[in-house]
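**Q** Got a structure for you, written out below as structure tokens; questions coming shortly.
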Amino acid sequence: MNILIVEDEQDIRELLQLHLIKEGYNVYEAEDGIEAIKIFENNKIDLILLDIMLPKLDGFKVLNKIREKSEVPVIFLTARLGEGDKILGLGLGADDYIVKPFNTIEVIARVQALLRRTYKYGVSHKNEIINGELKIDKDSCAIYKNDIPLDLNAKEYKILEMFMDNIGKVHTKKQIYENVWGDPYYEDDNTIMVHISHIRDKIESNPKDPKYLKTIRGIGYKMEKIEYES
């Protein structure tokens, strides 16, 4: 499994990485909040160890952005002792909260326990979503139509994954661009339109009259909920 350590103190990152690798985990590292989000969006991450006091984007904001699209387990690692911080973190969707200085063995034990609970007792079913003839399998980063895999590039997959995660929700072009490209949006309509057009060519029976990926004029796009027709 892949674990992302988000921590601006290098010695703590290296200590955690050493112990996690010994336990057989693959480890990604980020030293600020912006880097953490980019790593998360471009890799399959199974659990995040997340500091609160981070450069560029604090841990609360990082968690909030992640929870917009994922239920990946998150453990806060922080020197902040306030009860209000703990309540806020758990309220935003953190799964556990460990205060520094911590015992590394305890951290590893909590990581293992949370991974067992998450992926043995039912959260993993969220990694597969079905809408009409379409199915996304997040574990393998594959999307199928009538059980036939679609040939998508990385950006097309991420756009379609975002829509499948939020069926019926309208996404603005700004939201799509900043979520998928990870950069500020400067009215670059053409880039998004080209990618949407390519996706429609692959998922729609009639791309000129789409039933899945609808245009909401003046706003953006949404994935329509489709009942499967046999």
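No gaps in the numbering here: position 214 of the sequence shown is 214 in the UniProt record's numbering, and each next residue is one more. We treat Cβ as the ideally placed atom computed from N, Cα and C, and that holds for glycine.
Which same chain residues end up closer than 6 Å to K211 when comparing Cβ atoms and leaving out the 5 residues on each side of it in sequence?
**A** As a first step, residue 211 must be located in the sequence shown, where it is residue number 211. Excluding residues within five positions, none has a Cβ falling inside 6 Å.
**Q** Using a 10 Å radius around the Cβ and a threshold of 16 neighbouring Cβ atoms, would you call P184 buried or exposed?
**A** Taking the sequence shown and counting its residues from 1, the one referred to as residue 184 is at position 184. Exposed, since its Cβ has fewer than 16 Cβ neighbours within 10 Å.
**Q** Just the C-alpha distance for H125 and D165, rounded to the nearest angstrom, thanks.
**A** Sequence index remark: in the sequence shown, residue 125 carries index 125 (1-based). Sequence index remark: in the sequence shown, residue 165 carries index 165 (1-based). Legend: pLDDT at H125 = 44, less than 50; position of this residue unreliable, value from coordinates given subsequently. Using only the alpha carbons, I get a separation of about 13 Å.
**Q** Starting from A79 and walking both ways along the alpha helix (DSSP H), at which residues does that stretch end?
**A** To locate residue 79, count along the sequence shown from 1; it is residue 79. A79 -> no alpha helix (DSSP H), and no H or E assigned at all.
**Q** Name the two residues that bound the continuous alpha helix (DSSP H) containing N64.
**A** Position 64 of the sequence shown, counted from the start, is the residue given in the question as residue 64. Here the alpha helix (DSSP H) through N64 covers 59 to 67.
**Q** Provide the residue span of the beta strand (DSSP E) that contains M223, from first to last.
**A** Numbered from its first residue, the sequence shown carries residue 223 at position 223. 220 to 223 is the span of the beta strand (DSSP E), which, as asked, contains M223.
**Q** Looking at L160 and I105, is the spacing between their C-beta atoms short of 8 Å?
**A** Looking up residue 105 in the sequence shown gives position 105. Looking up residue 160 in the sequence shown gives position 160. Not a contact, by the Cβ cut-off of 8 Å.
**Q** Between which residues of its own chain and I21 is the CB-CB distance below 8 Å, once the five residues before and five after are set aside?
**A** As a position in the sequence shown, residue 21 is number 21, starting the count at 1. Answer for I21: V27, listed in chain order.
**Q** Distance, Cα to Cα, F102 vs A142?
**A** Translated into the one-based positions of the sequence shown, residue 102 becomes position 102. Translated into the one-based positions of the sequence shown, residue 142 becomes position 142. Looking at the two C-alpha atoms, the distance is approximately 39 Å.
**Q** Where M193 and L57 are concerned, what is the direct C-alpha to C-alpha distance, given to the nearest angstrom?
**A** Here the question's residue 193 lines up with position 193 in the sequence shown. Here the question's residue 57 lines up with position 57 in the sequence shown. Roughly 30 Å between the two C-alpha positions.
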